[in-house]
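Below is one structure, written out as C-alpha cells; comments come after it.
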Amino acid sequence: MKNTGKIYTVTEINTLIKAVLDANLPGRVTVTGQITDWKLHHSGHCYFALKDENSKLPAVMWKSRYNSLKFLPENGLAVIATGCIEVYVPNGKYQLIADKLQPAGKGALQLAFEQMYEKLRAEGLFNDEYKKPLPPYPQRIGILTSESGAAVQDITNSIHSRWPAVKLLLYPVAVQGEGAAEQIAAALDDVNRRNRQLCLDILIVGRGGGALEDLWAFNEEVLARAIFRSKIPVVSAVGHEIDTTIADLVADVRASTPTKAGVVTVPDMYEVLDRLAVMQRRLAGWAKTALRLAKQHLETVLASEVFRKPFSLVTTRQQLLDETEMRVSNTIRYQLAELGQKVHLLAEQVRRIEPHRLLRECLVTVYNLQNRARMAAQQVIGGCRVTVSTAAGRLAALNPKSVLQRGYSITTNAATGRIVRLLEDAAVADTIITELADENLIESKVTKKQNKAKRS
Amino acid sequence: MAGKNEKTDTGKMTFEQTITELTAIVDKIEQGRIPLQDSLQQYERAMALIKHCRTILQQAEKRIEKISEPEDRKQAGQDKE
Numbered sequence: 002m003k004n005t006g007k008i009y010t011v012t013e014i015n016t017l018i019k020a021v022l023d024a025n026l027p028g029r030v031t032v033t034g035q036i037t038d039w040k041l042h043h044s045g046h047c048y049f050a051l052k053d054e055n056s057k058l059p060a061v062m063w064k065s066r067y068n069s070l071k072f073l074p075e076n077g078l079a080v081i082a083t084g085c086i087e088v089y090v091p092n093g094k095y096q097l098i099a100d101k102l103q104p105a106g107k108g109a110l111q112l113a114f115e116q117m118y119e120k121l122r123a124e125g126l127f128n129d130e131y132k133k134p135l136p137p138y139p140q141r142i143g144i145l146t147s148e149s150g151a152a153v154q155d156i157t158n159s160i161h162s163r164w165p166a167v168k169l170l171l172y173p174v175a176v177q178g179e180g181a182a183e184q185i186a187a188a189l190d191d192v193n194r195r196n197r198q199l200c201l202d203i204l205i206v207g208r209g210g211g212a213l214e215d216l217w218a219f220n221e222e223v224l225a226r227a228i229f230r231s232k233i234p235v236v237s238a239v240g241h242e243i244d245t246t247i248a249d250l251v252a253d254v255r256a257s258t259p260t261k262a263g264v265v266t267v268p269d270m271y272e273v274l275d276r277l278a279v280m281q282r283r284l285a286g287w288a289k290t291a292l293r294l295a296k297q298h299l300e301t302v303l304a305s306e307v308f309r310k311p312f313s314l315v316t317t318r319q320q321l322l323d324e325t326e327m328r329v330s331n332t333i334r335y336q337l338a339e340l341g342q343k344v345h346l347l348a349e350q351v352r353r354i355e356p357h358r359l360l361r362e363c364l365v366t367v368y369n370l371q372n373r374a375r376m377a378a379q380q381v382i383g384g385c386r387v388t389v390s391t392a393a394g395r396l397a398a399l400n401p402k403s404v405l406q407r408g409y410s411i412t413t414n415a416a417t418g419r420i421v422r423l424l425e426d427a428a429v430a431d432t433i434i435t436e437l438a439d440e441n442l443i444e445s446k447v448t449k450k451q452n453k454a455k456r457s
Numbered sequence: 002m003a004g005k006n007e008k009t010d011t012g013k014m015t016f017e018q019t020i021t022e023l024t025a026i027v028d029k030i031e032q033g034r035i036p037l038q039d040s041l042q043q044y045e046r047a048m049a050l051i052k053h054c055r056t057i058l059q060q061a062e063k064r065i066e067k068i069s070e071p072e073d074r075k076q077a078g079q080d081k082e
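Protein chains in written order, with the numbering used here: chain A, 2 to 457; chain B, 2 to 82.
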C-alpha cells in the first residue's frame, strides 16, 4: 500500500489499527509468558503484563474472570493466558483481554492446592497439636455427604460391617460444583451448634472419587476452616487413596477412601467379641482356681491340730501357765530367804565392830560422871539447907508472934483490921479479935473503956 | 452393691463404660488384690458386663437417619411457603 497522502486524525488512525488488527488476528489467542507488573485494582479488575526475554504484552483480566481463578496469580509466575487482543482506542494501546489464565507447566488446580496448602500450613491448621482423638467406641456418627452418591453407602457399609452398634446420621450436602464447599462448611457449623441434641461423637465429611475438579470443594479454604473450627472430631473420606485434599490435612483423622471410614472410626466387632471371650475365659479360669485354692486352704485349716484336738490348745497353755506360776513363786521364796540370810550376817558384822563396844564404855563413863555430879550437887544443896534452917531459927526469934509463946496476945479491931495498941484504936461495941500463941482467935465485944492517964 | 442395682445399671451403660469397667475388674481380679468374697461378686458383675456388651452389639439396628434440618426449622420453612 502506497502513501496516499491522506491525513488521519488520531482517532481515525487508532480506529483503523483496531480494524486491521481485528480483521487479521484470530478471534482468540493463547499466549505464554511470565506475569509482571501485576496489579489488583480495588475495582476488582486485574492489570498486568506478560513478558518473555525480549518483549512485553499488556494484559487485563476482568473481575468476574479473576474471581473464578482457583490460584493466585503473582509476578514471575509462568502462565498461559487465553483471550483476545483488543485495541484501547483512547490510549492507542493494544492489550490482551485474558479470560483464562492457567499456570504453565502444572495445572491451575495443582497450583491452587499448593498455594492453599502453604497458607494453611503457615497458620498451623495441619498441626498435630490440634488433632482431636476419636472416641474408641462411638455411639453416634454424623455423615456429611451427598445423599445420591455412592460414598454414603460405602461409608455406612464400612462402619456397620465392623460395628453395628452405632447410630449413623446423614446430613445431605452437595459435594461438588458451585457453592459445595460453602454448603459443607455451613453443615459442619450447623451440626456443631446442634450437637447438644444430636450428641454426635464423630463427623465424617467425604465423597467418592472423581476428577480433581470434582473434589475441589474439599480443597477450599471455607471448608478447611469449618473443619478446623469443629468441636466434634472430623474424619475426612474423600476420593481415592491417592487423592490428598486440604480437608484431609485439616481433618483430625483421614480415611483414605469412603470405604475406609469404618476402619478409622469404629472397632471391629469380631475382634471385640474375641476379646470379650478371652476375658470371660480368664475370669472363669480365675474363679475356678480361686475356689479350688480356697477349698484347699480350708482343708489345710481343718486338718490343723486346733481342729483335731481343740482343747489341746487350752490345756497346753494351762500347763505352761501353772509351770510359770510355780517357777515364779519358787524364785521369790528363794530370793527372800537369801535376803534374810544377808541381813543376819550384816547384823553380826555390825555387832562385832570395835567402835560399837567403845560406845558402850563411853556410856558407862558418862553414867558415872552423871552420878558423881548428882552427889556433889546434893552435898552442896544439903549445906545450903542447914544454913537456911539456922537462919530461919534466928529469924523466928525475931517474929513478933514468938512473944505470944510467952503469954502475950495480939488484939485486932475487926472493923478496921488494925492492931489495937492505943485506947482510941477501939470503940465501945467494936468487935475485937485476940490472937493467941496457938494461933487460935477469941472474938469479944468492947463493953467499957478506962482512961488511966486522964485519971492520974 | 446389691445384684439388682447392678443389673439396672448395666442396662443404661454405653459400650465404652461397660468395657472400661470390665477391663478394670479383670485387672483387679488377676492382680489378686481383692478378698475372695468380693472377687466372686466382681466375677458375677464382670459376667453381667460381658453379656451387656454382647447385647449392645446384637441388638444394633443398622439404620441411618437424616439430620439435615431440625424439625422446628423445617416447620417454620413450610409455614413461610
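Glycine is no exception: its CB is placed at the ideal position from the N, C-alpha and C atoms.
Since the structure is predicted, the reported quantities are computational estimates derived from the model, not experimental observations.
Have a look at the options and flag the residue whose alpha-carbon is nearest the alpha-carbon of residue i.
i, options, result
"valine 27 of chain B", "A/Gln111, A/Glu148, A/Leu97 and A/Gln281", "A/Gln281"
"glutamate 17 of chain B", "A/Thr258, A/Ile185, A/Asp323 and A/Pro136", "A/Pro136"
"glycine 210 of chain A", "A/Ala227, A/Asn220 and A/Val239", "A/Val239"
"aspartate 38 of chain A", "A/Lys52, A/Glu115, A/Ile14 and A/Ala123", "A/Lys52"
"aspartate 202 of chain A", "A/Leu322, A/Gln140, A/Gln379 and A/Ser65", "A/Gln140"
"valine 254 of chain A", "A/Leu303, A/Pro134, A/Asn193 and A/Gly143", "A/Pro134"
"lysine 40 of chain A", "A/Tyr172, A/Arg352, A/Lys19 and A/Lys64", "A/Lys64"
"alanine 288 of chain A", "B/Lys29, B/Ala61, B/Gln59 and B/Glu62", "B/Lys29"
"methionine 48 of chain B", "A/Lys343, A/Val279 and A/Arg318", "A/Val279"
"alanine 60 of chain A", "A/Ile36, A/Asp155, A/Ile433 and A/Lys107", "A/Ile36"
"glutamine 32 of chain B", "A/Arg283, A/Gly383, A/Asn15 and A/Val223", "A/Arg283"
"threonine 10 of chain A", "A/Pro74, A/Gln336 and A/Val90", "A/Val90"
"leucine 277 of chain A", "B/Gln38, B/Met14, B/Lys63 and B/Leu58", "B/Leu58"
"methionine 121 of chain A", "A/Arg208, A/Glu148, A/Thr246 and A/Glu54", "For the sequence presented, residue 121 of chain A should be read as leucine rather than methionine. Closest option to leucine 121 of chain A, Cα to Cα, is A/Thr246."
By the three-class DSSP mapping on this structure, what secondary structure does residue i have?
i, result
"valine 459 of chain A", "Chain A is shown from 2 up to 457; residue 459 of chain A falls before or after that span and cannot be answered."
"threonine 9 of chain B", "For threonine 9 of chain B, the predicted model reports a pLDDT of 46, less than 50, meaning its position is unreliable; a value from the coordinates is still stated below. The answer is helix: DSSP assigns threonine 9 of chain B an H, G or I state."
"methionine 327 of chain A", "helix"
"threonine 366 of chain A", "helix"
"phenylalanine 219 of chain A", "helix"
"threonine 157 of chain A", "helix"
"lysine 296 of chain A", "helix"
"valine 307 of chain A", "helix"
"alanine 77 of chain B", "Any answer about alanine 77 of chain B is weak, because its pLDDT of 41 lies below 50 and its placement is not dependable; what the coordinates show is given next. Note: alanine 77 of chain B maps to helix in three-state DSSP."
"lysine 449 of chain A", "coil"
"arginine 255 of chain A", "strand"
"leucine 347 of chain A", "helix"
"tyrosine 44 of chain B", "helix"
"cysteine 385 of chain A", "helix"
"cysteine 200 of chain A", "coil"
"glycine 341 of chain A", "helix"
"glutamate 62 of chain B", "coil"
"threonine 301 of chain A", "helix"
Would you mind reading off the limits of the beta strand (DSSP E) that contains residue i?
i, result
"glutamate 143 of chain A", "The question names glutamate, but residue 143 of chain A is glycine in the sequence shown. Segment 141-146, the beta strand (DSSP E) holding glycine 143 of chain A."
"leucine 204 of chain A", "203-208"
"glutamine 103 of chain A", "94-104"
"leucine 41 of chain A", "30-41"
"asparagine 414 of chain A", "411-414"
"lysine 108 of chain B", "Nothing can be reported for residue 108 of chain B, as the shown portion of chain B is limited to 2 through 82."
"valine 239 of chain A", "235-239"
"lysine 29 of chain B", "Where lysine 29 of chain B is concerned, there is no enclosing beta strand (DSSP E), although the alpha helix (DSSP H) it sits in stretches over 16-32."
Give the C-beta separation of residue i and residue j to the nearest angstrom, bearing in mind that I take them to be a contact with Cβ-Cβ under 8 angstroms.
i, j, result
"glutamate 436 of chain A", "isoleucine 411 of chain A", "5 angstroms"
"leucine 189 of chain A", "leucine 170 of chain A", "Going by Cβ atoms, the distance from leucine 189 of chain A to leucine 170 of chain A rounds to 14 angstroms, so no, they are not a contact pair."
"isoleucine 462 of chain A", "alanine 152 of chain A", "As displayed, chain A neither begins before 2 nor continues past 457, which places residue 462 of chain A out of reach and without an answer."
"isoleucine 65 of chain B", "threonine 157 of chain A", "6 angstroms"
"threonine 146 of chain A", "valine 167 of chain A", "Actually they are not in contact, since the Cβ atoms of threonine 146 of chain A and valine 167 of chain A sit about 16 angstroms apart, beyond 8 angstroms."
"isoleucine 98 of chain A", "threonine 33 of chain A", "Their Cβ separation, rounded to whole angstroms, is 16 angstroms, which puts isoleucine 98 of chain A and threonine 33 of chain A out of contact at 8 angstroms."
"valine 421 of chain A", "threonine 448 of chain A", "Not a contact, Cβ separation roughly 14 angstroms."
Give me, in chain order, the residues of the same chain whose beta-carbon lies closer than 8 angstroms to that of residue i; leave out the 5 immediate sequence neighbours on both sides.
i, result
"glycine 28 of chain A", "Cys85"
"aspartate 73 of chain B", "The pLDDT assigned to aspartate 73 of chain B is 48, lower than 50, so where the model puts this residue is not dependable; a value taken from the coordinates is nonetheless given after this. Counting only Cβ-Cβ distances below 8 angstroms, and skipping sequence neighbours, we find nothing."
"glutamine 406 of chain A", "Ala438"
Near residue i, what residues of its chain come up, given a Cβ to Cβ distance below 7 angstroms and the 5 sequence neighbours on each side ignored?
i, result
"arginine 386 of chain A", "none"
"valine 267 of chain A", "Pro139, Ile160, Arg163, Trp164 and Val167"
"aspartate 10 of chain B", "none"
"glutamate 103 of chain A", "Correcting the residue type first, residue 103 of chain A is glutamine in the shown sequence and not glutamate. So the list reads Val80, Ile81 and Ala109, once near-sequence residues are dropped."
Alpha helix (DSSP H) containing residue i: first to last residue?
i, result
"lysine 64 of chain A", "64-68"
"threonine 266 of chain A", "262-266"
"alanine 109 of chain A", "109-124"
"glutamate 425 of chain A", "Counting along the chain, glutamate 425 of chain A falls outside any alpha helix (DSSP H), and DSSP gives it neither H nor E."
"alanine 186 of chain A", "181-194"
Give every residue of the same chain whose Cβ lies closer than 6 angstroms to the Cβ of residue i, excluding the five residues on either side of it in the sequence, and list them in chain order.
i, result
"lysine 71 of chain A", "Ala109, Leu110 and Ala113"
"threonine 19 of chain B", "Leu50, His53 and Cys54"
"glutamine 79 of chain B", "For glutamine 79 of chain B, the predicted model reports a pLDDT of 41, less than 50, meaning its position is unreliable; a value from the coordinates is still stated below. Counting only Cβ-Cβ distances below 6 angstroms, and skipping sequence neighbours, we find nothing."
Between residue i and chain E, is the shortest Cβ-Cβ distance under 8 angstroms, so that the two count as touching?
i, result
"glutamate 17 of chain B", "This model lacks chain E altogether, as its protein chains are A and B."
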